[in-house]
Amino acid sequence: MLYCLLLKYLIPNASQAESKVSYLKMKGDSYCHLAEVAAGDEKKEILNRSQQVYPAFEISIKEIQPTHPTRLGLALNFSVFYDEILNSPEKVCSLARTSQM
Numbered sequence: 001m002l003y004c005l006l007l008k009y010l011i012p013n014a015s016q017a018e019s020k021v022s023y024l025k026m027k028g029d030s031y032c033h034l035a036e037v038a039a040g041d042e043k044k045e046i047l048n049r050s051q052q053v054y055p056a057f058e059i060s061i062k063e064i065q066p067t068h069p070t071r072l073g074l075a076l077n078f079s080v081f082y083d084e085i086l087n088s089p090e091k092v093c094s095l096a097r098t099s100q101m
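Read left to right, the sequence shown gives residues 1 to 101 (the numbering used here).
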């Protein structure tokens, strides 16, 4: 239900960067939780869809202060996703360097 609200109303109608990033973060969190329990082709599909959330990070870098809680929370969640779900510590390090800008 919440996922449908995010997709149909909240994300498309978000006018402020902080709101859009928060909503995209929620969408990404749902993919992360699904990826934790999925397997096989279903997990691959979820991981492919999770890449749709990456623009949230770009928006946060361009429009939100580095110390803003929304930006920090997004960076943390992306780091956890890349480390625990994708097993990509290199991406986590890259993300950490980019987050500090």
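Beta carbons: idealized from backbone N, C-alpha and C, even for Gly.
Reference residue i; option with closest CA among the options
| i | options | result |
| --- | --- | --- |
| Leu86 | Ile46, Pro55, Glu63 | Ile46 |
| Glu59 | Ser50, Ser88, Ala75, Val80 | The question names Glu, but residue 59 in the sequence shown is Ile. Among Ser50, Ser88, Ala75, Val80, the Cα nearest to that of Ile59 belongs to Ala75. |
Residue burial classification, residue i (beta-carbon count within 10 angstroms, cutoff 16)
| i | result |
| --- | --- |
| Leu95 | buried |
| Lys25 | buried |
| Val37 | exposed |
| Ala35 | buried |
| Ser15 | exposed |
Beta-carbon proximity of residue i to residue j, cut-off 8 Å
| i | j | result |
| --- | --- | --- |
| Val21 | Ala56 | yes |
| Thr98 | Glu18 | no |
| Leu10 | Tyr31 | no |
| Gly28 | Val53 | yes |
Any C-beta of chain C under 8 Å from that of residue i
| i | result |
| --- | --- |
| Gly73 | Of the protein chains in this structure there is only one, and it is not chain C. |
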